[in-house]
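Heads up: the sequence shown at position 81 corresponds to 277 in the numbering used here, and the numbers run straight through without jumps.
Single-structure report; data block below.
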Amino acid sequence: MNRRSHLALLPVLILLVAGQTLAQEDVLGSAGLGRLMRPLDARARGMGGAAVALHGGNLSAVNPASLARVSLPGLWLTLMPESRTVRGDVLRGDIETADFPLGRLAIPFGERWVLGVAFGSFLDQDWSVEFMDTLRLASEDIPFIETRSSDGGVSQLRFELAGVLSAHWALGVSALHYTGEVRRSVEREFPSPFVTYRSATAIQYQGWGLALGAEYQPIREMILGAVASWGPGLEVRNDSTGGKLDLDLPLSLQLGGSWQLTPDFVAALALGWEGWSVLDAELPEPGSSDVWRVGTGVEFRALSGPTSALFVRLGGSLERKPFRLGSGAPWERAVGLGIGAHLREGRGRLDAAVEFGRRADRSKHGVEESFRRLTFSMAVFTQ
């Protein structure tokens, strides 16, 4: 779920020639089906996104089996503001966005089972581009400014069930419902006395998927996890034309683990692959590629009291994005710092993380981004 909060693009080079781009927001978000988002909480963000298997309560909606370790009813929410600086061949821009990538509810029942519902981001398609061109008529040439924009995206609703099968094993399953709307608009502004041209269309997305997860705890200090997800298809429907397209959803595999090296120190690692190249033939050029992802991080308990504790985190991640731009798929590289507090013996949690990173390569993709991503999470558990 995404909300664009502010836009302040400052082009440093504007050439008044036909077809010259003036300003562009989120070049990477306009490629393919948009920006691929992950439903992560601030703790995982501060540890490099290593959210497949985490000691100390894994609140990210990545591995449904992690829900089995929730012993009290709880609700948690995440907010993720991001600042980006875009540099292209003829432009420079600053972008501010704010996402709500995760909301999750967990209700334990019986002695071994937990029900959950989660709402998270999946594909973000907020972008806009503005350029100058000229309409050439027999009698005269008429300059105009054209603005094309996209607002919306695809979210995921997860219905989860997890259970502890033994002292070593926990399993979980999530039914995934993908839904969303994207509104595309075109505005062509002519000088007076000509009338401004406007058009708009709405694109609807609907689909289902399934995620299966497992956690294995061979010893008390170690948790290993695996997740596989897949969907039969994503239906894309244009409300204006009535056209419909069915897209395959990729198979996704993720592996990870965490190791509590001391009572106050945890290290985590996660690897991921998503087969987005299955869409390569169905998307316009330059198409799509498989996602590869690695993330690692550590957590250190800095302070502790009778009913509270303070944690410090450090992590890093490397991820190839699914939709190609220019000569290939861009990579994202990030390092993160995090802090977290457990209150009232863990019944309240406040977490924050900041990540600094870069996306794409100007020499290969014609554009690159540097970003600062903040993540804030709050969780409350009751008796």
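Positions of the beta carbon are idealized from the N, C-alpha and C atoms, including for glycine.
Given a cut-off of 9 Å, decide if residue 259 and residue 423 are closer than it, judged by their beta-carbon atoms. Position 227 of the sequence shown holds residue 423. Position 63 of the sequence shown holds residue 259. Yes, Cβ-Cβ distance for residue 423 and residue 259 is below 9 Å.
Hey, out of 360, 561, 577, 570, whose CA is closest to residue 284's CA? Position 88 of the sequence shown holds residue 284. Checked all of 360, 561, 577, 570; the closest Cα to residue 284 is 561.
Tell me, please, which residues DSSP counts as bridged to residue 478. Position 282 of the sequence shown, counted from the start, is the residue given in the question as residue 478. Answer is none; residue 478 lacks a bridge partner.
Sort 365, 356, 384 by Cα distance to residue 406 and report the nearest one. In the sequence shown, counting from the first residue as 1, residue 406 sits at position 210. Taking only the C-alpha atoms, the option nearest residue 406 is 356.
If contacts are defined as beta-carbon pairs under 8 Å, then residue 484 and residue 519 qualify, I think. What distance do you get, rounded to the angstrom? The residue labelled residue 484 in the question sits at position 288 within the sequence shown. The residue labelled residue 519 in the question sits at position 323 within the sequence shown. At roughly 5 Å, the Cβ-Cβ gap stays under 8 Å, so residue 484 and residue 519 are in contact.
Whole angstroms is fine: what's the gap from residue 559's alpha carbon to residue 304's? Numbered from its first residue, the sequence shown carries residue 559 at position 363. Numbered from its first residue, the sequence shown carries residue 304 at position 108. Answer to the nearest angstrom: the Cα atoms are 52 Å apart.
Assuming residue 348 contacts residue 377 (C-beta within less than 8 Å), just tell me the rounded distance between them. In the sequence shown, residue 348 corresponds to position 152, counting from 1. In the sequence shown, residue 377 corresponds to position 181, counting from 1. The Cβ separation is near 5 Å, so the contact holds.
Check residue 520 in the structure and name its three-state DSSP category. Mapped onto the sequence shown, residue 520 falls at position 324. If DSSP states are grouped into helix, strand and coil, residue 520 belongs with coil.
As a quick exercise: from 341, 314, 337, 240, pick the residue whose alpha carbon is nearest that of residue 327. By 1-based counting over the sequence shown, the position of residue 327 is 131. Closest by alpha carbon: 341.
Rank 512, 428, 494, 239 by C-alpha distance to the C-alpha of residue 474 and give the top, closest one. In the sequence shown, counting from the first residue as 1, residue 474 sits at position 278. Nearest of 512, 428, 494, 239 to residue 474, Cα basis: 428.
Which class does residue 294 belong to by DSSP, given the choice of helix, strand or coil? Within the sequence shown, residue 294 is the residue found at index 98, counting from 1. Correct three-state label for residue 294: strand.
C-alpha distance - residue 379 paired with residue 478, whole-angstrom precision: Along the sequence shown, read from residue 1 onward, the residue named residue 379 stands at position 183. Along the sequence shown, read from residue 1 onward, the residue named residue 478 stands at position 282. Going by the C-alpha atoms only, they are around 21 Å apart.
Residue nearest to residue 338 in terms of C-alpha spacing, selected from 448, 296, 385: One-based indexing of the sequence shown puts residue 338 at position 142. Taking only the C-alpha atoms, the option nearest residue 338 is 385.
Contact set for residue 333: own chain, Cβ-Cβ below 7 Å, skip 5 residues either direction: Residue numbering aside, residue 333 sits at position 137 when the sequence shown is read from its first letter. Once the five neighbours on either side are set aside, residue 333 has no close Cβ partner at all.
What does the alpha-carbon distance come out to for the pair residue 575 and residue 549? Position 379 of the sequence shown, counted from the first residue, corresponds to residue 575. Position 353 of the sequence shown, counted from the first residue, corresponds to residue 549. Distance between the alpha carbons of residue 575 and residue 549: 15 Å.
Can you find a C-beta in chain D that's less than 9 Å from the C-beta of residue 447? Considering every chain present, this structure includes no chain D. It has just one protein chain.
With DSSP as the reference, identify every bridge partner of residue 383, one or two as the case may be. Taking the sequence shown and counting its residues from 1, one reaches residue 383 at position 187. DSSP, once it has assigned bridges, lists 343, 394 as partnering residue 383.
Reduced DSSP category for residue 511 - H, G, I as helix; E, B as strand; rest coil: If you number the sequence shown from 1, residue 511 lands on position 315. The answer is strand: DSSP assigns residue 511 an E or B state.
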